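Before any comments, here is the structure.
Residue numbers (my numbering), protein chains in the order written: chain H, 1 to 460; chain X, 1001 to 1460; chain D, 2001 to 2460; chain W, 3001 to 3460.
Next up, the structure:
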């Protein structure tokens, strides 16, 4: 039995090295389920349109369903000798139903078939990723809620800037992840197009019904141009672009958590269960998980780069270069899911080191901006207020005193509008409480945001 | 006059090398207009909320409008000695209105200010890009319409596959570009968020009205989290991701056109006006424009990689690394616009080489699939039909004859279902006419698609 | 038995999800052999320096050798429950020799151990890659030699430019590959540094002898700075950079071969054994192997990007992000070897389509530059000669005549220096034969280059 | 006067949009000097080989020298109306010497000419970069020397690991930069090849003397294959790969310095002259320079990606896509030089915050490895020693005591081999002093390394 889906015109056996090099089964076995689902819809349509007989259609559909059950039950193994997953399934079908199996590939090319499979995969991936993002968001919100009173230094340039609520900081990541989820929703609309029926590139002369197949497979639309349909990988590329963005977000969160669990920052401690040790240094407790997440951003960015570079400059329509799409896509999806999952777990095993916070909040220069805004509220032009407080900070530093240790008359050297009340501002709790702008770190607003997210994440 | 927006606490003059290295004016001067528009809205709000007096607000707004006019009139030059565009505009304002200028920066940080500017830039860029994409689509449709009868070989693997209409091939690119336009629309929703009012990272204690500013500047929403707002560059990243996709599409179109204008393919000829010559070889006429477009994909992909890598692993909130965002963004937008514009122009200066087409269509193996589908319609299982025609092709090749030169009895050696009508299929015009699936290269369907696109592009 | 190399200070069991996420055995099992070789040298040194007893050293070395034999014999399987390959080997050792196994990791950290393993891997990889490059070069030279008389159009901008020998074109790729080989040699010098003995980051207080270990493992030098040694992945990065360059070269060669095997160019034909077919179109014979090679460039470039991005911004010294190095490195090396191997094979299964060459060489504008150089030799300034021939070409084109069909008096309208001899130049064989500059396509020079390469490749 | 170096065969004027899009003068004006130097050598050779007369040669050389002087004196401005720098110089020459200028481009194409120019540029760039690297190394060594007694925590995973000398940490970067310098030297050998004389792709029939030109321009070799010579950009690509590696090194150094200048780490303080402030927060002093250097790694990595992607899949020989090479190359070289220069400056303006060091070194778990090695020296198997000390650390942590506060009998609960001397090890100075392995942080070894580098950097 010729194991290939082609070969009539070929007189020499394919070189084994070539067979091995062009084989994709080690990667595309993940498409098994989607391939069979697509074939079931195709076989139904062929019967309905009388391209094959109703009985033939039923036979094919029945056998394909048995294969699908095997796949679902985990009793399906990639066959390394098959050229690809489509060939392997075709062979299994042939073993089950004999010659009628040869009718399944009617009015279909592997070009449109594989496009369909990858789209079905992507549709699933979007759902799984969306759920995993939501789980990570929930962990962030839960961690923020449990520590909703905690104030930490907010940083810009990694220099202490202004006091913020820990929960506010965490919610920034909830927002980022939400944008990724929103982009996934956008991408889904462009995934939701049936390519099957485009043939190899030109369509078919057989009387197929593409709309019916789309309905069976729950696609919103059929593709409008057959040449585009078989060479389009934009939907996968868009998914990768979202995963790059997600990976960058996770890398930034990982960086923050790595910093916070250093002895120097000391804001958080990792539970032993989510830390690792050193083979040489007995005292070490390392945030390996977070470092791996941070580093993984490199891998995912690299995959998107690879995908773009692979596509660059290809003529229409299908070219085999595109076979690499699946490897890049599958690995990026799987890695993203792992990273989200392990991060959500880790966030449930970190604890705020309350004892360390006073040390971190001690430098009351964190509240210097509050002083400047205080002057503004008393009529000083902002640029002048900024300059006055800047000089005040330099003055205190030069004397190795904290701002709160200065006397009112010393403050007044820098601006006559200072008074005793100004000194009361030099307090992180006061600082956050006085914030009033929408989106600020004001505790009331942050509390409301936490509640809003809890509700939103529950309802999805 | 201290030219910086900061400096109160600093005792030493900044090192000139540092000033030069950190200066961004050579890049961000492009933000001038957006910066002033944002400041006008901010100044109005400060007055309305009584953070500054109504008179002060009017003074500031008036002066800013004069600056805006200068910018609009092209009478604004970047000042290389300014740290950045914000500083230069602040200085200009100070020259116009004196000390009251110092009140403008109240309740604002450069962190949220520059985010606003870049969002305004991106909003504009989306519009300009959308228009440019539409223009390129129109050129493709017009070219397809003018040559709507032309049949060319469709390729897969750059091997002749099946006859297709030239217009069908061109419409594949119209579809691709439309996906880019759709993604731009998606990106626009995420651009459409006002960051101003987030302060440096924590919000402000001054009674600002962010919703009012959003209304003045036509933003759909205000940002929900101040720390996220000042460190978020996702909107620019998403724009770059779309531009990468667009660049890949243009590189593929360029590749097709480069191939088609070779002597070997000979499908198209470039007009002298859009071709270039060689300094050594007098006979050369080169498609430099198309090669530059193809190569530019590398640049734009590189910028997206750069952007992602720059963001990777940054802790919250703002870090100066992000200054590089603008350079990457501006250049990618400008290059994309140039490429679209020059391509649209070029498409109006290419001509089909009708004389060459017969040679290209001569190999009637292009219609082999039609033979196989013919057998299927007569009850042969597709896999058998495929194998039979494959052997038939090998048979003809071995005898150096074209399929159309074979006799019916020869065909029947490969399948008894062949008859005289089969030989009539070996004709490109018949081949495309017999296609009937939705999205196929059937001339009626392609005609309808051309009309649909003409209408759609006109109405936008 | 605690399966980890650390854990004394840990009180909670590691979360299974964390164990799974941080496990690297699925990737680093490829290091097994190198890990054991390194351990043998280390154990010898520990004994020689009396850090462990001579008997202990012998016991360890003996057991490690047995493990090495198992690996060499292919009887070693990755144990998915081990954290990494180092742990798995440590466990195997413990099973073989009991408690004394616990002495092996003395004065060693996994940080310097894994660096050693990867360097040993890279050293091997350089050798294997160099051999594979040489094999590909040999295939190119052999193919060129077999067709050393064949003249084809040389292209710039994919437009026919001047006649060149096919062998000259192929030798261009031999040169490119040689640069990659040279860069590998350069990289090897930087791989050739022993990191072992650097401890986790600071060195050790135990009296080890690094020079002795370097000698046993044939390293040219020991690393000079322990912190650098454990965080340095430059040697792997440099290897990846060479592989990117190599991948680009192969992608260009693949592109040329894909073009040459189109019906339009028709210079080459692939043997059936190295081509593939279509599941729909019976007549197709596709160069899938070449397309996969071309596309693979994207993957390898993506890996280098990933590697760089992963390293970017990491503080000293070791960070777990670096674990991803191995995956990127191993896959890039393996893919490069596959591509070289399959390409060398393919080059032995292509044939020049001699019958097609006359058609390709027919357009005698290919020799226009020869006409211009002829005028220069007769005293015309080159710029004038170029312009004259340019106009001549346009004149002939306008009349749809080939240059060779023009009369001398017509030529003389464009330059009085033309005479009958000029017309004799319009011949590809004459064109290449008249070339005389070093490195040109002159047949004598190309012949000499082929011979030189044959000799060089044989002697290596 | 036709401003183009081609055009004879063209009948229509080039579209202005096309002229603008294909113009490269805005980028390649940087090649002016190299272009003229190359032309001088070419003109000399043309005369010597009697392709032009001796008098013509002298005229051309004389005029070119005058142009060179203008360039050297900074009196040369890019002419935006010229197609490229070669055209502009050709025009200037024509203005100076009239018709004889038309003879300069004999036996030369812009293809080989621009290759020459870029190689000359790269040769210079290698020198400038090598000097700049050396200057940065000198700053590191000087800073290390000035603080050669300072002990800081060494980190792995950003967790405190073992005490190290600050100078040891800095020398790790000196090693990294040295590898970049070494790779530059390697790259130089591949730059050092004369492409001129390769013509457009095939060489020339005129009797040129390439070896003479190589000698005049100090090239080690002439290129061996004309088709390779005009399409080879490997030398530039290799340079970019080194710059990526360099950028990663600088980004890591920047990260370390950013961390060290946080209030949390507090190891270093930046002088005001190399720090910047905030427009909102008066107290801020930000390490913008370091963040820009860190972020720049993204840009440079992006450029290498762009370069590779641009080259991927291009057929031989020259294609205009390659024009983008210069932009990528020039910008990467210039940015790298800036980053090195500003970093060297900054390193002279940072100060160790000696007052903060005791706090950082307080946690004596930094010396836990010394305890384990102590046990090893007393006969305990390393794995047992590691476990014992690990439990000891957990014990002390559980009681919130430092190791140094434990009593000997408490230590002995974990290993009977502990004695009073063990407690004396819990001291950073002792820890570094006891290190003895080559490349370790032992002060004597670090001192020797500093001296060795001082000498080496002086002598270069």
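By construction, the Cβ of each residue, glycine as well, lies at the ideal position given by its N, Cα and C atoms.
These numbers were taken from a predicted model, which means no experiment stands behind them.
Quiz item: For residue 3018 (chain W) and chain D, any beta-carbon pair shorter than 7 Å?
Solution: Under the 7 Å criterion on CB atoms, residue 3018 (chain W) is classed as non-interfacial with respect to chain D.
Exercise. With distances taken Cα to Cα, identify the nearest neighbour of residue 3047 (chain W) among W:3373, W:3081, W:3209.
Key: The residue among W:3373, W:3081, W:3209 with its C-alpha nearest the C-alpha of residue 3047 (chain W) is W:3209.
Exercise. Report yes or no: is there a C-beta of chain W within less than 7 Å of the C-beta of residue 1382 (chain X)?
Key: Cβ-Cβ to chain W under 7 Å: no for residue 1382 (chain X).
Quiz item: Does DSSP put residue 2461 (chain D) in a helix, in a strand, or in coil?
Solution: The structure shown does not extend to residue 2461 (chain D), since chain D is modelled only from 2001 to 2460, so the question has no answer here.
Quiz item: With a Cβ-Cβ cutoff of 7 Å, do residue 158 (chain H) and residue 3258 (chain W) count as a contact?
Solution: Yes, Cβ-Cβ distance for residue 158 (chain H) and residue 3258 (chain W) is below 7 Å.
Practice problem: Would you verify that the beta carbon of residue 3354 (chain W) is, or is not, closer than 7 Å to some beta carbon of chain D? | Solution: No, residue 3354 (chain W) does not count as interfacial toward chain D.
Practice problem: Take every Cβ of the region 1331-1345 of chain X, pair it with every Cβ of the region 1286-1302 of chain X, and state whether three or more of those distances are shorter than 8 Å. | Solution: With three or more CB-CB distances shorter than 8 Å, the region 1331-1345 of chain X counts as touching the region 1286-1302 of chain X.
Quiz item: Does the distance from the C-beta atom of residue 3316 (chain W) to that of residue 3231 (chain W) stay below 7 Å?
Solution: Against a cut-off of 7 Å, the Cβ pair of residue 3231 (chain W) and residue 3316 (chain W) comes out as a contact.
Quiz item: At what residues does the alpha helix (DSSP H) containing residue 3303 (chain W) begin and finish?
Solution: Residue 3303 (chain W) -> alpha helix (DSSP H) spans 3288-3311.
Quiz item: Is residue 389 (chain H) helix, strand or coil when you go by DSSP?
Solution: Note: residue 389 (chain H) maps to helix in three-state DSSP.
Quiz item: Quick one: does residue 2210 (chain D) have its CB under 7 Å from some CB of chain W?
Solution: The beta carbon of residue 2210 (chain D) sits closer than 7 Å to some beta carbon of chain W.
Exercise. Please classify residue 3326 (chain W): is it buried, with 16 or more other beta-carbons within 10 angstroms of its beta-carbon, or exposed?
Key: Looking at its Cβ environment, which holds 16 or more other Cβ atoms inside 10 Å, residue 3326 (chain W) is buried.
Quiz item: Does the beta-carbon distance from residue 216 (chain H) to residue 41 (chain H) come in below 7 Å?
Solution: Taking C-beta atoms as the reference points, residue 216 (chain H) and residue 41 (chain H) count as a pair closer than 7 Å.
Quiz item: When the Cα atoms are used, what is the spatial distance from residue 3277 (chain W) to residue 1021 (chain X)?
Solution: Spanning the two alpha carbons is a distance of roughly 15 Å.
Quiz item: If we ignore side chains and look at the alpha-carbon of each, how far apart do residue 1402 (chain X) and residue 1162 (chain X) end up?
Solution: Per the coordinates, the alpha-carbon of residue 1402 (chain X) lies some 15 Å from the alpha-carbon of residue 1162 (chain X).
Quiz item: Under three-state DSSP, which class holds residue 3153 (chain W)?
Solution: Strand, per DSSP.
Quiz item: In or out: residue 2248 (chain D) buried (at least 16 other Cβ within 10 Å) or exposed?
Solution: Its Cβ being crowded by 16 or more others within 10 Å, residue 2248 (chain D) is buried.
Quiz prompt | Under the three-state DSSP convention, the category residue 2097 (chain D) falls into | solution = Three-state result, residue 2097 (chain D): helix.
Quiz item: Looking at C-alpha atoms only, which residue of H:443, H:453, H:392, H:444 is the closest neighbour of residue 423 (chain H)?
Solution: The residue with the shortest Cα to Cα distance from residue 423 (chain H) is H:392.
Practice problem: Would you list the one or two residues that DSSP bridges to residue 1962 (chain D)? | Solution: Because chain D spans 2001 through 2460 in this model, residue 1962 (chain D) falls outside it and cannot be assessed.
Self-check item: Under 8 Å from the C-beta of residue 2338 (chain D): neighbouring residues of chain H
Solution: Going along chain H in sequence order, the residues near residue 2338 (chain D) (Cβ under 8 Å) are 21.
Quiz item: So which residues on chain W does residue 1289 (chain X) lean against when the C-beta distance must stay under 7 Å?
Solution: Result: 3018, 3021, 3022.
Practice problem: Would you list, in sequence order, the uninterrupted alpha helix (DSSP H) runs of no fewer than 4 residues that lie entirely inside the region 168-225 of chain H? | Solution: Listed in chain order, they are 210-216.
Quiz prompt | Beta-carbon proximity list for residue 2008 (chain D), same chain, < 7 Å, skipping 5 on both sides | solution = Excluding sequence neighbours, residue 2008 (chain D) sits near nothing in its chain.
Quiz prompt | Residue of H:365, H:440, H:448, H:274 minimising C-alpha distance to residue 2010 (chain D) | solution = If we check each option's Cα against that of residue 2010 (chain D), H:274 comes out closest.
Exercise. Would you tell me roughly how many angstroms separate the C-alpha atoms of residue 3138 (chain W) and residue 324 (chain H), rounded to the nearest one?
Key: Approximately 47 Å between the Cα atoms of the pair.
Exercise. Under 9 Å between beta-carbons, which chain W residues line up against residue 1271 (chain X)? List them in chain order, please.
Key: Ordered by position in chain W, the residues that pass the 9 Å Cβ test against residue 1271 (chain X) are 3012, 3015.
Self-check item: Local conformation of residue 3163 (chain W) per DSSP, three classes
Solution: Strand, per DSSP.
Self-check item: Close beta carbons around residue 359 (chain H), own chain, < 8 Å, minus the five adjacent residues each side
Solution: Answer for residue 359 (chain H): 266, listed in chain order.
Quiz item: Is the region 1021-1039 of chain X close to the region 1112-1120 of chain X, with three or more CB pairs under 8 Å?
Solution: Proximity of the region 1021-1039 of chain X to the region 1112-1120 of chain X meets the contact definition, three or more beta-carbon pairs being nearer than 8 Å.
Practice problem: With DSSP as the reference, please indicate the residues paired to residue 276 (chain H) in a beta bridge. | Solution: As DSSP reads the structure, residue 276 (chain H) sits in a beta bridge with H:286.
Exercise. Alpha carbon to alpha carbon, how far is residue 2380 (chain D) from residue 3099 (chain W)? Give it in angstroms, no decimals.
Key: In this structure, the straight-line span from the alpha carbon of residue 3099 (chain W) to that of residue 2380 (chain D) is close to 11 Å.
Self-check item: DSSP state of residue 2105 (chain D) mapped onto helix, strand, coil
Solution: Residue 2105 (chain D): coil per DSSP, three-state reduction.
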